[in-house]
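S.K.: Residue 243 in UniProt numbering sits at position 243 of the sequence shown, with consecutive numbering throughout.
What follows is a single structure, and I will ask about it in a moment.
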Amino acid sequence: FTKFSTTDISYLCLLSDRPSVFMVHVSIRHLYVLFSTSVMLLRASAQRCYAMQKGVLTHPNWKLLDREGDCGRSDEFRIIGGRNANLGQYPWMARLLYKYPPPQIPPIYRSDERGLLAVCIVWVLRPRGFSCHFVTSLHRLGPTAEEIQLSLLGDDEKEIDLRYECSGTIINERYILTAAHCDSKIMDAPMVEVRLGEYFLETNPDCVGHVCAPFVQDIKPEEFKCHEKYNKYTFHNDICLIRLSLPIQFNDFVQPICLPVYDSFRHINYEGRILEVAGWGVHDIFVMDESYILQTLRVRVTNHHECSMMYKNVADKKNITSRQLCAGGVVGQDSCNGDSGGPLMAPFSFTSSPKYFIVGVVSFGTTICGNSKMPGVYTEVAHYMTWILDNIRE
(Lines of atoms letter the chains of each structure in order from A; the text may use other names.)
(Lines give C-alpha, C1' and ligand atoms only; values in the text may rest on other atoms or scores of the structure.)
Protein backbone atom coordinates (compact mmCIF):
# COMPACT_ATOMS: atom_id res chain seq x y z
CA PHE A 1 0.00 0.00 0.00
CA THR A 2 0.95 3.64 -0.31
CA LYS A 3 0.77 5.83 2.75
CA PHE A 4 -0.46 9.30 1.85
CA SER A 5 0.30 12.49 3.71
CA THR A 6 -2.80 14.18 4.97
CA THR A 7 -3.98 17.72 4.57
CA ASP A 8 -7.33 17.31 6.27
CA ILE A 9 -8.63 14.42 8.35
CA SER A 10 -6.63 11.23 8.89
CA TYR A 11 -8.43 7.98 8.11
CA LEU A 12 -7.73 4.37 8.88
CA CYS A 13 -9.13 2.26 6.06
CA LEU A 14 -9.43 -1.44 6.76
CA LEU A 15 -8.67 -3.67 3.78
CA SER A 16 -9.19 -6.85 5.79
CA ASP A 17 -10.49 -7.97 9.15
CA ARG A 18 -6.99 -7.45 10.55
CA PRO A 19 -6.13 -3.76 10.22
CA SER A 20 -2.77 -4.44 11.85
CA VAL A 21 -1.84 -6.18 8.59
CA PHE A 22 -3.48 -3.94 6.02
CA MET A 23 -4.08 -0.27 6.68
CA VAL A 24 -3.74 2.93 4.76
CA HIS A 25 -3.42 6.54 5.76
CA VAL A 26 -5.37 8.85 3.47
CA SER A 27 -6.92 12.28 3.56
CA ILE A 28 -10.27 13.51 2.39
CA ARG A 29 -8.50 14.94 -0.69
CA HIS A 30 -6.52 11.77 -1.50
CA LEU A 31 -8.86 8.84 -1.91
CA TYR A 32 -6.90 6.61 -4.28
CA VAL A 33 -4.94 3.92 -2.54
CA LEU A 34 -2.41 1.69 -4.25
CA PHE A 35 -2.26 -1.84 -2.91
CA SER A 36 -0.08 -4.40 -4.75
CA THR A 37 -1.05 -4.06 -8.44
CA SER A 38 -4.64 -3.11 -7.74
CA VAL A 39 -6.11 0.34 -7.46
CA MET A 40 -8.96 0.74 -5.00
CA LEU A 41 -11.19 3.76 -4.73
CA LEU A 42 -11.88 4.53 -1.09
CA ARG A 43 -14.46 7.10 -0.12
CA ALA A 44 -14.07 9.11 3.04
CA SER A 45 -17.54 8.03 4.03
CA ALA A 46 -16.89 4.36 3.29
CA GLN A 47 -18.10 1.89 5.88
CA ARG A 48 -14.58 0.69 6.66
CA CYS A 49 -12.77 4.02 6.76
CA TYR A 50 -12.61 5.67 10.17
CA ALA A 51 -11.49 9.14 11.15
CA MET A 52 -8.53 9.01 13.53
CA GLN A 53 -7.57 11.33 16.34
CA LYS A 54 -5.25 14.05 15.12
CA GLY A 55 -1.62 12.95 15.12
CA VAL A 56 -2.30 9.36 16.19
CA LEU A 57 -1.78 7.60 12.86
CA THR A 58 1.41 9.53 12.09
CA HIS A 59 2.85 9.17 15.59
CA PRO A 60 6.11 7.17 15.58
CA ASN A 61 4.82 5.01 18.46
CA TRP A 62 1.63 4.05 16.61
CA LYS A 63 3.38 0.84 15.56
CA LEU A 64 3.70 -0.20 19.23
CA LEU A 65 -0.06 -0.60 19.60
CA ASP A 66 -1.99 -3.67 18.59
CA ARG A 67 -4.05 -1.47 16.24
CA GLU A 68 -7.12 -3.62 16.76
CA GLY A 69 -5.70 -6.83 15.33
CA ASP A 70 -6.00 -9.07 18.40
CA CYS A 71 -6.92 -6.51 21.04
CA GLY A 72 -10.25 -6.45 22.81
CA ARG A 73 -11.16 -10.09 22.12
CA SER A 74 -13.43 -11.58 24.75
CA ASP A 75 -15.13 -14.93 25.15
CA GLU A 76 -18.27 -13.17 26.39
CA PHE A 77 -19.94 -10.05 25.02
CA ARG A 78 -23.26 -10.27 26.89
CA ILE A 79 -23.52 -10.14 30.67
CA ILE A 80 -26.86 -11.37 32.03
CA GLY A 81 -27.43 -11.23 35.76
CA GLY A 82 -24.85 -12.53 38.18
CA ARG A 83 -21.61 -10.88 39.17
CA ASN A 84 -19.00 -13.48 38.36
CA ALA A 85 -17.12 -12.85 35.14
CA ASN A 86 -16.40 -15.82 32.89
CA LEU A 87 -12.96 -17.34 32.49
CA GLY A 88 -11.21 -15.36 29.74
CA GLN A 89 -13.89 -12.67 29.59
CA TYR A 90 -11.50 -9.81 30.40
CA PRO A 91 -8.01 -11.06 29.43
CA TRP A 92 -6.51 -7.55 29.72
CA MET A 93 -6.98 -7.29 33.51
CA ALA A 94 -3.85 -6.77 35.63
CA ARG A 95 -3.41 -6.79 39.43
CA LEU A 96 -0.81 -4.54 41.06
CA LEU A 97 1.02 -5.87 44.14
CA TYR A 98 2.53 -3.51 46.75
CA LYS A 99 4.88 -4.13 49.66
CA TYR A 100 4.07 -2.25 52.86
CA PRO A 101 6.02 -2.04 56.11
CA PRO A 102 4.47 -3.68 59.18
CA PRO A 103 1.09 -1.99 59.68
CA GLN A 104 0.66 0.11 62.80
CA ILE A 105 -3.12 -0.19 62.62
CA PRO A 106 -5.32 -2.84 60.99
CA PRO A 107 -5.00 -2.49 57.19
CA ILE A 108 -8.75 -2.31 56.79
CA TYR A 109 -8.77 1.09 58.51
CA ARG A 110 -5.58 2.46 56.96
CA SER A 111 -5.93 5.93 55.53
CA ASP A 112 -3.56 7.99 53.47
CA GLU A 113 -3.21 11.69 54.14
CA ARG A 114 -2.00 12.27 50.58
CA GLY A 115 -5.58 12.34 49.44
CA LEU A 116 -6.55 8.67 49.36
CA LEU A 117 -8.62 6.42 51.56
CA ALA A 118 -7.72 2.78 51.04
CA VAL A 119 -10.91 1.12 52.20
CA CYS A 120 -14.51 2.33 52.07
CA ILE A 121 -15.69 1.29 55.53
CA VAL A 122 -16.56 4.35 57.59
CA TRP A 123 -17.29 7.97 56.80
CA VAL A 124 -14.09 9.93 57.24
CA LEU A 125 -14.10 13.66 56.69
CA ARG A 126 -10.91 14.40 54.84
CA PRO A 127 -9.41 17.51 53.27
CA ARG A 128 -11.56 18.84 50.42
CA GLY A 129 -14.40 16.58 51.48
CA PHE A 130 -13.34 13.27 49.97
CA SER A 131 -14.06 10.19 51.99
CA CYS A 132 -14.02 7.00 49.98
CA HIS A 133 -11.60 5.49 47.55
CA PHE A 134 -12.21 2.51 45.29
CA VAL A 135 -9.23 0.47 46.42
CA THR A 136 -9.91 -2.33 48.84
CA SER A 137 -7.11 -2.67 51.31
CA LEU A 138 -6.85 -6.27 52.45
CA HIS A 139 -6.71 -8.37 49.28
CA ARG A 140 -6.19 -12.09 49.55
CA LEU A 141 -3.07 -13.58 48.02
CA GLY A 142 -4.24 -17.16 47.79
CA PRO A 143 -6.10 -18.87 50.66
CA THR A 144 -5.08 -16.07 53.08
CA ALA A 145 -2.67 -13.18 52.86
CA GLU A 146 -0.78 -14.51 55.88
CA GLU A 147 -0.22 -17.96 54.39
CA ILE A 148 1.20 -16.55 51.18
CA GLN A 149 3.39 -14.06 53.02
CA LEU A 150 4.83 -16.83 55.20
CA SER A 151 5.60 -18.93 52.14
CA LEU A 152 7.32 -16.06 50.34
CA LEU A 153 9.30 -14.46 53.14
CA GLY A 154 11.95 -15.56 55.61
CA ASP A 155 11.44 -15.59 59.36
CA ASP A 156 12.98 -12.14 59.71
CA GLU A 157 10.63 -10.64 57.13
CA LYS A 158 7.28 -12.08 58.11
CA GLU A 159 5.94 -8.67 59.12
CA ILE A 160 6.14 -7.33 55.58
CA ASP A 161 2.65 -6.68 54.27
CA LEU A 162 1.96 -7.61 50.63
CA ARG A 163 -1.29 -6.36 49.15
CA TYR A 164 -2.96 -6.15 45.76
CA GLU A 165 -4.25 -2.58 45.99
CA CYS A 166 -4.89 -1.54 42.41
CA SER A 167 -5.75 -2.91 39.00
CA GLY A 168 -4.64 -1.99 35.53
CA THR A 169 -5.24 -2.78 31.87
CA ILE A 170 -2.88 -4.36 29.33
CA ILE A 171 -2.45 -2.09 26.27
CA ASN A 172 0.54 -3.79 24.65
CA GLU A 173 3.23 -6.35 25.48
CA ARG A 174 5.18 -3.98 27.75
CA TYR A 175 2.65 -1.49 29.15
CA ILE A 176 -0.16 -1.44 31.70
CA LEU A 177 -2.56 1.52 31.86
CA THR A 178 -3.72 2.44 35.36
CA ALA A 179 -4.55 5.42 37.59
CA ALA A 180 -1.91 7.93 38.69
CA HIS A 181 -2.96 7.53 42.32
CA CYS A 182 -1.79 3.89 42.05
CA ASP A 183 1.81 5.07 41.58
CA SER A 184 4.17 3.79 44.27
CA LYS A 185 4.99 7.35 45.38
CA ILE A 186 1.34 8.12 46.03
CA MET A 187 0.64 4.76 47.67
CA ASP A 188 3.69 5.16 49.95
CA ALA A 189 4.68 1.60 49.10
CA PRO A 190 6.78 0.11 46.30
CA MET A 191 4.91 -1.81 43.62
CA VAL A 192 6.72 -5.13 43.46
CA GLU A 193 4.79 -7.12 40.89
CA VAL A 194 2.10 -7.06 38.21
CA ARG A 195 -0.02 -10.20 37.90
CA LEU A 196 -1.60 -11.10 34.56
CA GLY A 197 -4.04 -13.86 33.64
CA GLU A 198 -5.71 -13.98 37.07
CA TYR A 199 -9.31 -15.17 37.45
CA PHE A 200 -9.87 -17.26 40.60
CA LEU A 201 -7.59 -16.26 43.46
CA GLU A 202 -7.28 -19.71 45.02
CA THR A 203 -6.18 -21.71 41.98
CA ASN A 204 -3.31 -21.56 39.53
CA PRO A 205 -3.95 -22.44 36.81
CA ASP A 206 -7.64 -21.51 36.70
CA CYS A 207 -10.03 -24.08 35.28
CA VAL A 208 -13.75 -24.06 34.49
CA GLY A 209 -14.97 -27.49 33.54
CA HIS A 210 -12.47 -28.98 31.11
CA VAL A 211 -11.12 -25.56 30.06
CA CYS A 212 -7.97 -24.39 31.82
CA ALA A 213 -6.07 -21.15 31.43
CA PRO A 214 -2.25 -21.10 31.49
CA PHE A 215 -0.44 -20.25 34.72
CA VAL A 216 -0.57 -16.60 35.75
CA GLN A 217 2.30 -14.31 34.75
CA ASP A 218 3.98 -12.26 37.50
CA ILE A 219 6.21 -9.53 36.06
CA LYS A 220 8.12 -6.83 37.90
CA PRO A 221 7.47 -3.19 36.97
CA GLU A 222 10.39 -1.40 35.38
CA GLU A 223 9.21 2.18 35.11
CA PHE A 224 6.26 4.42 35.98
CA LYS A 225 5.11 7.36 33.90
CA CYS A 226 2.18 9.18 35.45
CA HIS A 227 0.59 12.28 34.00
CA GLU A 228 2.68 15.32 34.86
CA LYS A 229 -0.47 17.34 35.65
CA TYR A 230 -2.05 14.79 37.97
CA ASN A 231 -3.65 16.49 40.98
CA LYS A 232 -3.81 14.29 44.08
CA TYR A 233 -6.61 16.37 45.60
CA THR A 234 -8.95 16.74 42.62
CA PHE A 235 -7.86 13.54 40.82
CA HIS A 236 -7.61 15.46 37.56
CA ASN A 237 -5.44 13.66 34.96
CA ASP A 238 -5.58 10.48 37.03
CA ILE A 239 -3.80 8.27 34.51
CA CYS A 240 -0.48 6.42 34.53
CA LEU A 241 1.60 3.98 32.46
CA ILE A 242 3.56 1.08 33.94
CA ARG A 243 6.36 -0.33 31.82
CA LEU A 244 7.06 -3.98 32.60
CA SER A 245 10.55 -5.42 32.96
CA LEU A 246 9.73 -8.27 30.55
CA PRO A 247 7.36 -8.62 27.58
CA ILE A 248 3.97 -10.18 28.28
CA GLN A 249 3.45 -13.62 26.78
CA PHE A 250 0.07 -13.31 25.10
CA ASN A 251 -2.36 -16.22 24.97
CA ASP A 252 -6.13 -16.68 24.83
CA PHE A 253 -6.39 -15.55 28.47
CA VAL A 254 -3.88 -12.68 28.39
CA GLN A 255 -4.55 -10.08 25.70
CA PRO A 256 -4.47 -6.27 25.33
CA ILE A 257 -7.59 -4.16 25.25
CA CYS A 258 -8.20 -1.83 22.29
CA LEU A 259 -7.42 1.85 22.79
CA PRO A 260 -9.84 4.61 21.69
CA VAL A 261 -7.77 5.81 18.74
CA TYR A 262 -10.73 6.78 16.57
CA ASP A 263 -11.70 10.44 16.63
CA SER A 264 -15.33 9.55 17.28
CA PHE A 265 -14.45 8.42 20.80
CA ARG A 266 -13.67 12.00 21.82
CA HIS A 267 -17.11 13.15 20.70
CA ILE A 268 -19.33 10.33 21.95
CA ASN A 269 -21.98 11.41 24.42
CA TYR A 270 -21.97 8.44 26.77
CA GLU A 271 -24.81 9.70 28.94
CA GLY A 272 -27.29 6.89 29.51
CA ARG A 273 -25.04 4.23 27.99
CA ILE A 274 -24.26 1.02 29.83
CA LEU A 275 -20.54 0.34 30.30
CA GLU A 276 -18.69 -2.37 32.22
CA VAL A 277 -16.18 -2.46 35.07
CA ALA A 278 -14.37 -5.49 36.46
CA GLY A 279 -12.15 -6.38 39.39
CA TRP A 280 -11.64 -8.44 42.54
CA GLY A 281 -12.71 -5.71 44.94
CA VAL A 282 -15.36 -5.65 47.65
CA HIS A 283 -18.56 -7.35 46.53
CA ASP A 284 -20.52 -7.09 49.80
CA ILE A 285 -20.52 -3.66 51.47
CA PHE A 286 -21.65 -5.16 54.79
CA VAL A 287 -19.01 -7.89 54.99
CA MET A 288 -16.31 -5.80 53.24
CA ASP A 289 -14.66 -8.92 51.87
CA GLU A 290 -13.13 -9.20 48.44
CA SER A 291 -14.25 -11.66 45.82
CA TYR A 292 -12.25 -14.76 45.02
CA ILE A 293 -13.51 -14.66 41.42
CA LEU A 294 -13.15 -11.76 39.00
CA GLN A 295 -16.31 -9.67 39.25
CA THR A 296 -18.07 -7.65 36.59
CA LEU A 297 -20.63 -4.88 36.91
CA ARG A 298 -22.67 -2.90 34.40
CA VAL A 299 -22.90 0.82 35.17
CA ARG A 300 -24.89 3.55 33.46
CA VAL A 301 -23.13 6.81 32.56
CA THR A 302 -24.76 9.73 34.35
CA ASN A 303 -25.29 13.32 33.30
CA HIS A 304 -21.98 15.16 33.51
CA HIS A 305 -23.37 18.43 34.87
CA GLU A 306 -25.49 16.71 37.51
CA CYS A 307 -22.51 14.63 38.62
CA SER A 308 -20.33 17.72 38.88
CA MET A 309 -22.94 19.51 40.99
CA MET A 310 -23.27 16.51 43.33
CA TYR A 311 -19.54 16.47 43.99
CA LYS A 312 -19.41 20.21 44.51
CA ASN A 313 -22.00 19.76 47.26
CA VAL A 314 -19.91 17.19 49.15
CA ALA A 315 -16.38 18.26 48.29
CA ASP A 316 -14.97 21.76 48.51
CA LYS A 317 -14.37 23.15 45.01
CA LYS A 318 -14.48 19.67 43.50
CA ASN A 319 -14.86 20.04 39.75
CA ILE A 320 -15.57 17.18 37.35
CA THR A 321 -13.83 18.10 34.09
CA SER A 322 -14.65 17.23 30.49
CA ARG A 323 -11.89 14.61 30.68
CA GLN A 324 -13.77 12.64 33.32
CA LEU A 325 -16.86 10.44 33.16
CA CYS A 326 -19.39 9.67 35.89
CA ALA A 327 -21.12 6.30 36.02
CA GLY A 328 -23.13 4.27 38.50
CA GLY A 329 -24.93 5.82 41.44
CA VAL A 330 -27.18 2.82 42.14
CA VAL A 331 -27.33 1.80 45.80
CA GLY A 332 -25.69 -1.58 46.26
CA GLN A 333 -23.74 -1.33 43.01
CA ASP A 334 -20.51 0.58 42.76
CA SER A 335 -16.98 0.48 41.46
CA CYS A 336 -15.93 -1.08 44.74
CA ASN A 337 -16.58 -4.11 42.58
CA GLY A 338 -13.63 -3.03 40.45
CA ASP A 339 -10.28 -1.98 41.87
CA SER A 340 -8.80 1.47 41.36
CA GLY A 341 -6.97 1.87 38.09
CA GLY A 342 -9.04 -0.80 36.36
CA PRO A 343 -10.93 -0.30 33.10
CA LEU A 344 -14.33 1.15 32.34
CA MET A 345 -15.02 -0.53 29.01
CA ALA A 346 -17.51 -1.54 26.34
CA PRO A 347 -17.58 -3.56 23.10
CA PHE A 348 -17.70 -1.61 19.83
CA SER A 349 -18.10 -3.02 16.31
CA PHE A 350 -15.53 -1.24 14.16
CA THR A 351 -14.61 -4.53 12.49
CA SER A 352 -16.53 -7.70 11.64
CA SER A 353 -16.85 -8.73 15.30
CA PRO A 354 -17.21 -6.65 18.47
CA LYS A 355 -14.04 -5.79 20.36
CA TYR A 356 -13.65 -4.24 23.77
CA PHE A 357 -12.28 -0.71 23.96
CA ILE A 358 -11.22 1.00 27.16
CA VAL A 359 -13.36 4.07 27.81
CA GLY A 360 -12.18 5.10 31.27
CA VAL A 361 -9.91 4.35 34.22
CA VAL A 362 -11.46 3.85 37.68
CA SER A 363 -10.51 6.98 39.62
CA PHE A 364 -12.53 7.91 42.75
CA GLY A 365 -15.86 8.08 44.54
CA THR A 366 -17.31 9.26 47.82
CA THR A 367 -19.00 7.88 50.98
CA ILE A 368 -19.26 4.16 51.66
CA CYS A 369 -18.89 2.38 48.34
CA GLY A 370 -22.20 1.09 47.05
CA ASN A 371 -24.18 2.74 49.85
CA SER A 372 -24.85 6.02 48.10
CA LYS A 373 -26.44 7.38 44.95
CA MET A 374 -23.21 9.20 44.16
CA PRO A 375 -21.73 7.94 40.87
CA GLY A 376 -18.13 6.90 40.54
CA VAL A 377 -15.72 9.05 38.55
CA TYR A 378 -13.48 7.75 35.77
CA THR A 379 -10.65 9.27 33.73
CA GLU A 380 -11.77 9.29 30.07
CA VAL A 381 -8.95 7.67 28.09
CA ALA A 382 -9.80 9.06 24.63
CA HIS A 383 -8.55 12.49 25.72
CA TYR A 384 -5.12 11.05 26.57
CA MET A 385 -4.24 9.11 23.40
CA THR A 386 -1.47 11.50 22.35
CA TRP A 387 -0.07 11.47 25.89
CA ILE A 388 -0.07 7.66 25.88
CA LEU A 389 1.76 7.50 22.55
CA ASP A 390 4.27 10.12 23.70
CA ASN A 391 5.16 8.07 26.76
CA ILE A 392 5.52 4.50 25.49
CA ARG A 393 8.60 3.06 23.82
CA GLU A 394 9.86 -0.23 22.43
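All C-beta atoms, glycine included, are put in the ideal place defined by N, C-alpha and C.
In this text, all values refer to a predicted model and were calculated from it rather than measured experimentally.
(1) Which residues bound the beta strand (DSSP E) around D161?
(2) Please return the same chain residues whose Cβ sits closer than 8 Å to the Cβ of I320, not counting the five positions on each side in sequence.
(3) Does S291 pass the burial test, meaning 16 or more other C-beta atoms within 10 Å, or should it be called exposed?
(4) How many Å lie between S248 and E173 at the Cα?
(5) Mind checking which residues open and close the alpha helix (DSSP H) that includes C71?
(6) For F357 versus C258, is the C-beta spacing smaller than 8 Å?
(7) Under a Cβ-count criterion, where at least 16 other Cβ atoms within 10 Å of its own Cβ denotes burial, should T58 be classed as buried or exposed?
(8) How big is the Cα-Cα spacing for Q89 and P101?
(9) In angstroms, rounded to a whole number, what distance separates the CA positions of C226 and C182?
(10) Between the Cα of R163 and the Cα atoms of N204, R243, S184, W92, which residue gives the shortest distance?
(11) Confirm, please, whether the CB-CB distance from G342 to V277 is below 8 Å.
(12) Based on DSSP bridge pairs, tell me the residues matched to T302.
(13) What span of residues does the alpha helix (DSSP H) with T386 cover, start to end?
(14) Quick check: the region 185-204 against the region 214-225, are at least 3 beta-carbon pairs closer than 8 Å?
(15) I need the DSSP call for F265, collapsed to helix, strand or coil.
(16) Residues in the same chain with beta-carbon distance under 8 Å from V208, minus the five sequence neighbours each way, listed in chain order, please.
(17) Among the candidates Y384, T169, A189, E223, whose CA atom is the shortest distance from the CA of E394?
(18) Take G72 as the anchor and find which of P91, P60, L97 has the nearest alpha-carbon.
(19) Jot down the residue ranges of each uninterrupted alpha helix (DSSP H) in the region 166-221, minimum 4 residues, whole runs only, in chain order.
(20) How should residue 410 be labelled, buried or exposed, when 16 other C-beta atoms within 10 angstroms of its C-beta is the threshold for buried?
(21) Thinking just about the alpha-carbon of each residue, which of P60, T302, I293, L96 is nearest to the one in residue 395?
(22) Going by Cα to Cα distance, which pick from E228, V301, T169 is closest to I274?
(23) Assuming C166 contacts A180 (C-beta within less than 8 Å), just tell me the rounded distance between them.
(24) Considering Cα atoms alone, identify which of V359, P214, N313, V299 is closest to V261.
(25) Have a look at D238 and Y270 and give me their C-alpha separation to the nearest angstrom.
(26) From which residue to which residue does the beta strand (DSSP E) around R243 run?
(27) Mapping the DSSP letters down to three states, classify S353 as helix, strand or coil.
(28) Which residue comes first and which comes last in the beta strand (DSSP E) that contains K99?
(29) A94 and T169: beta carbons closer than 8 Å?
(30) Here's the rule I'm using: 16 or more other beta-carbon atoms within 10 Å means buried, otherwise exposed. How should G329 be labelled?
(31) So, helix, strand or coil for L297, using DSSP?
(32) Whose C-alpha, out of D70, K63, V56, H210, is nearest the C-alpha of S353?
(33) Terminal residues of the continuous beta strand (DSSP E) containing Y378?
(34) Locate the beta strand (DSSP E) running through V277, then write down its first and last residues.
M.R.: With the given structure in hand:
(1) Within the sequence shown, numbered from 1, the residue matching residue 161 stands at position 161. 161-170 is the span of the beta strand (DSSP E), which, as asked, contains D161.
(2) Numbered from 1 along the sequence shown, position 320 holds the residue referred to as residue 320. So the qualifying residues of the chain are H304, C307, S308, Y311, C326, V377.
(3) Residue numbering aside, residue 291 sits at position 291 when the sequence shown is read from its first letter. Result: buried.
(4) In the sequence shown, residue 248 corresponds to position 248, counting from 1. In the sequence shown, residue 173 corresponds to position 173, counting from 1. The question names Ser, but residue 248 in the sequence shown is Ile. Each residue's Cα considered, the two are about 5 Å apart.
(5) Position 71 of the sequence shown, counted from the first residue, corresponds to residue 71. Here C71 belongs to no alpha helix (DSSP H), and DSSP marks it neither H nor E.
(6) Walking along the sequence shown from the start, residue 357 turns up at place 357. Walking along the sequence shown from the start, residue 258 turns up at place 258. In contact: F357 and C258 (Cβ atoms closer than 8 Å).
(7) Residue 58 sits at position 58 when you count from the first residue of the sequence shown. When all chains shown are included, T58 counts as exposed.
(8) As a first step, residue 89 must be located in the sequence shown, where it is residue number 89. As a first step, residue 101 must be located in the sequence shown, where it is residue number 101. So the two alpha carbons sit approximately 35 Å from each other.
(9) Taking the first residue of the sequence shown as position 1, residue 226 is located at position 226. Taking the first residue of the sequence shown as position 1, residue 182 is located at position 182. One C-alpha to the other measures close to 9 Å.
(10) Along the sequence shown, read from residue 1 onward, the residue named residue 163 stands at position 163. With distances taken between Cα atoms, R163 lies closest to S184.
(11) Working through the sequence shown from its first residue, we reach residue 277 at position 277. Working through the sequence shown from its first residue, we reach residue 342 at position 342. Yes, the Cβ-Cβ distance between V277 and G342 is below 8 Å.
(12) Along the sequence shown, read from residue 1 onward, the residue named residue 302 stands at position 302. In the DSSP assignment, T302 forms no beta bridge with any residue.
(13) Along the sequence shown, read from residue 1 onward, the residue named residue 386 stands at position 386. Run containing T386: 385-390, per the alpha helix (DSSP H) assignment.
(14) The way I'd put it, the region 214-225 does touch the region 185-204; three or more beta-carbon pairs between them come closer than 8 Å.
(15) Residue 265 sits at position 265 when you count from the first residue of the sequence shown. DSSP places F265 in helix when its eight states are reduced to three.
(16) The count along the sequence shown starts at 1 and reaches residue 208 at position 208. Closer than 8 Å at the Cβ level, and outside the excluded window around V208, lie N86, L87.
(17) Mapped onto the sequence shown, residue 394 falls at position 394. Here the closest residue by C-alpha is E223.
(18) To locate residue 72, count along the sequence shown from 1; it is residue 72. With distances taken between Cα atoms, G72 lies closest to P91.
(19) 184-187
(20) The question about residue 410 has no answer, for the chain in this structure spans 1 to 394.
(21) Nothing about residue 395 can be reported from this structure: the residues present for the chain run from 1 to 394 only.
(22) Indexing the sequence shown from 1 puts residue 274 at position 274. The candidate whose alpha carbon is nearest that of I274 is V301.
(23) Along the sequence shown, one-based indexing puts residue 166 at 166. Along the sequence shown, one-based indexing puts residue 180 at 180. That belief does not hold up - the Cβ atoms of C166 and A180 are roughly 11 Å apart, past 8 Å.
(24) Residue 261 sits at position 261 when you count from the first residue of the sequence shown. Looking at the Cα atoms, V359 is the closest of the given residues.
(25) The residue you call residue 238 lines up with position 238 of the sequence shown. The residue you call residue 270 lines up with position 270 of the sequence shown. Their Cα atoms are separated by approximately 19 Å.
(26) Within the sequence shown, residue 243 is the residue found at index 243, counting from 1. R243 -> beta strand (DSSP E) spans 240-244.
(27) Within the sequence shown, numbered from 1, the residue matching residue 353 stands at position 353. Coil, per DSSP.
(28) Residue mapping note: residue 99 aligns to position 99 of the sequence shown, counting from 1. For K99, the enclosing beta strand (DSSP E) covers residues 93-100.
(29) Counting from 1 along the sequence shown, the entry for residue 94 is found at position 94. Counting from 1 along the sequence shown, the entry for residue 169 is found at position 169. Yes, the Cβ-Cβ distance between A94 and T169 is below 8 Å.
(30) For this step, residue 329 is matched to residue 329 along the sequence shown. Classification for G329: buried.
(31) If you number the sequence shown from 1, residue 297 lands on position 297. Note: L297 maps to strand in three-state DSSP.
(32) As a position in the sequence shown, residue 353 is number 353, starting the count at 1. Looking at the Cα atoms, D70 is the closest of the given residues.
(33) Indexing the sequence shown from 1 puts residue 378 at position 378. Counting along the chain, the beta strand (DSSP E) containing Y378 begins and ends at 376-380.
(34) Mapped onto the sequence shown, residue 277 falls at position 277. Boundaries of the beta strand (DSSP E) harbouring V277: 274-279, taken from the DSSP string.
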